[in-house]
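Anchor point for the sequence shown: position 68 equals 109 in this note's numbering, and the numbering is continuous, going up by one each time. Glycine included, each C-beta is placed from N, C-alpha and C at the ideal position. Note that the structure is predicted; figures quoted are calculated from it, not measured. Report on one structure; see the data block that follows.
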Amino acid sequence: MSLSKTKVLSVLIMVFFIEISFMPIMNSNEQISILNSGNILNNIDGGEKSGVWVYVEPSSLSVPIYNNFTLDIYCEPSQAIKSFECSIAYDPDILSVDLVVEGDIFNGYDTFFNNGIIDNDKGEISNIFNLIIGSGNVTEAGSLIKINFSTKNNSGYSDINFSSINVTNENEYIPVSISNGIVIVHNISSDIALFSDWNLITIPIDNNWWASDISDNISGCLSVGYWDYVNQTHKTYIVGGPSAFDFPIEEGYGYFVNMVQSDILSVYGSRIDNVSIPLNIGWNLIGWFHEVDTTASSLSENIPGCLSVSKWDCVNQTYKTFIVGGPPAFDFPVFQGMGLFVDVDESSIWYGES
Numbered sequence: 042m043s044l045s046k047t048k049v050l051s052v053l054i055m056v057f058f059i060e061i062s063f064m065p066i067m068n069s070n071e072q073i074s075i076l077n078s079g080n081i082l083n084n085i086d087g088g089e090k091s092g093v094w095v096y097v098e099p100s101s102l103s104v105p106i107y108n109n110f111t112l113d114i115y116c117e118p119s120q121a122i123k124s125f126e127c128s129i130a131y132d133p134d135i136l137s138v139d140l141v142v143e144g145d146i147f148n149g150y151d152t153f154f155n156n157g158i159i160d161n162d163k164g165e166i167s168n169i170f171n172l173i174i175g176s177g178n179v180t181e182a183g184s185l186i187k188i189n190f191s192t193k194n195n196s197g198y199s200d201i202n203f204s205s206i207n208v209t210n211e212n213e214y215i216p217v218s219i220s221n222g223i224v225i226v227h228n229i230s231s232d233i234a235l236f237s238d239w240n241l242i243t244i245p246i247d248n249n250w251w252a253s254d255i256s257d258n259i260s261g262c263l264s265v266g267y268w269d270y271v272n273q274t275h276k277t278y279i280v281g282g283p284s285a286f287d288f289p290i291e292e293g294y295g296y297f298v299n300m301v302q303s304d305i306l307s308v309y310g311s312r313i314d315n316v317s318i319p320l321n322i323g324w325n326l327i328g329w330f331h332e333v334d335t336t337a338s339s340l341s342e343n344i345p346g347c348l349s350v351s352k353w354d355c356v357n358q359t360y361k362t363f364i365v366g367g368p369p370a371f372d373f374p375v376f377q378g379m380g381l382f383v384d385v386d387e388s389s390i391w392y393g394e395s
């Protein structure tokens, strides 16, 4: 069934013998007009929430290939609502939708629910809507819809985006703030042991994390830092501090993690195929992401102008250094997940070799 461009679903008169006011499905020009007139606000992923807040729950989820999971489209109204309609977009190479079911936000009322049109080739569920029949509205938070997904045989990331969303009260549209979601589909995982105090690690799996994601996935994290190889200084994101100091986690780099307790950081994703890490004269902080172990001496042989390789001993809270040309007894094994300082006297590119 398609919605007419009037605010009356006349077919409901025949079915329910009542007249129900509802929103029309709008084309893009009509949506722009309404946005400009101030009747509806799409405040995407941030800023002050107004009217109602609609978001994907959970906002971030990691699942393996060939798996099933459910996402809620959740609504927190700051004023009474009576109806909604939305369309949801996703990556069809990563996910497919199996079923859309009615949420619980309108529990206790008779409703007219349409579970939408699923297009797994395009990656969209369109024309989802629900409304309370007759008088009534809700002000309590709840789920608008539940979406059952299946993951395919491809690892990667799929954004869960609102391609459209409209909410009404008894008479008119309500401003809407939205927060999209993301699903990470992985085929490998890695567990990194973190000790109380300072740790020097790398994230050995392809991901789209930020420093705040590291802290969010462990208990007792105080800060996450990186080495600015250009200015030869530390830069730090402090947990609970300004978000402006957050930074993306890049493949092949090392990161400091300061902890008040021990924990395990579990990371899911796909294998890192290659890296291209610029090395400046002086100290550089790289990360060993390979599943196969190596040694500091072997690593140094594949970095032009390498003078030394240093690891952080997180148990004794001190550096251990292998000096190129020095005693072999100071050589040490390099494992997946280790961050390492390399001191070089010439600039080059490290491609992950050892």
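query = When the Cα of Cys262 is compared with those of Asp200, Gly164, Gly281 and Met300, which residue comes out closest?
reply = Met300
query = Taking the C-alpha atoms as reference points, what is the distance between Glu213 and Gly177?
reply = 14 Å
Straight-line Cα distance separating Asn108 from Asn210 = For Asn210 and Asn108, the distance between alpha carbons rounds to 38 Å.
key: Pro368 classed as buried or exposed, judged by whether at least 16 other C-beta atoms fall within 10 angstroms   = exposed
ask   = For Ile305, does the count of other Cβ atoms within 10 angstroms reach 16, so buried, or fall short, so exposed?
value = Exposed: under 16 other Cβ atoms inside 10 Å.
message = Since Trp391 and Ile327 should fall inside the 8 Å C-beta cutoff, what is the C-beta to C-beta distance between them, to a whole number of angstroms?
response = The pair is a contact, with the Cβ atoms about 6 Å apart (cut-off 8 Å).
inquiry  = Using only CA atoms, which one of Cys355, Val298, Cys127 and Leu320 lies nearest to Ser260?
reply    = Val298
ask   = Count the other CB atoms within 10 Å of the CB of Tyr317; is the residue buried (16 or more) or exposed (fewer)?
value = Going by the sequence as given, residue 317 is Ser instead of Tyr. With fewer than 16 Cβ atoms within 10 Å of its Cβ, Ser317 is classed as exposed.
inquiry  = Using a Cβ-Cβ cutoff of less than 7 Å, which residues in the same chain neighbour Ser264 once the five nearest sequence positions on both sides are dropped?
reply    = Thr277, Tyr278, Ile279, Val280 and Asn299
task = Kindly identify the DSSP beta-bridge partner or partners of Lys352.
result = Per DSSP, Lys361.
Proximal residues to Glu98 (C-beta, below 6 Å), its chain only, five neighbours per side dropped = Asp113 and Tyr115, listed in sequence order.
Runs of beta strand (DSSP E) lying entirely within the segment 172 to 224, each at least 3 residues, in chain order = 183 to 192, 197 to 209 and 217 to 220
ask   = Run through DSSP, which three-state label would Ile146 get?
value = Ile146 sits in coil when the DSSP states are folded into three classes, being neither helix nor strand.
query = Going straight from the alpha carbon of Asn315 to that of His331, what length do you get?
reply = 10 Å
ask   = Are any of the Cβ atoms in chain C nearer than 8 Å to that of Gly380?
value = Structure shown: chain C not included; a single protein chain is present.
message = Could you check whether Ser199 and Asp247 sit closer than 8 Å to each other, using their CB atoms as the reference points?
response = no
task = Classify Asp134 as helix, strand or coil using the three-state DSSP reduction.
result = coil
task = Could you please give the first and the last residue of the uninterrupted beta strand (DSSP E) stretch that includes Glu405?
result = Since the first residue shown for the chain is 42 and the last is 395, residue 405 is missing from the structure and cannot be characterised.
message = Do Ser303 and Phe236 have their beta-carbon atoms positioned less than 8 Å apart in this structure?
response = Yes. Within cutoff.
key: Endpoints, alpha helix (DSSP H) assigned at Ser101   = Segment Ser101 to Pro105 is the beta strand (DSSP E) holding Ser101; no alpha helix (DSSP H) there.
key: Residues near Met67 in its chain [Cβ-Cβ closer than 6 Å; skip 5 each side]   = In this prediction, Met67 has a pLDDT of 31, which is less than 50 and means its spatial position is unreliable; what the coordinates show is noted afterwards. Correct list: empty, nothing qualifies.
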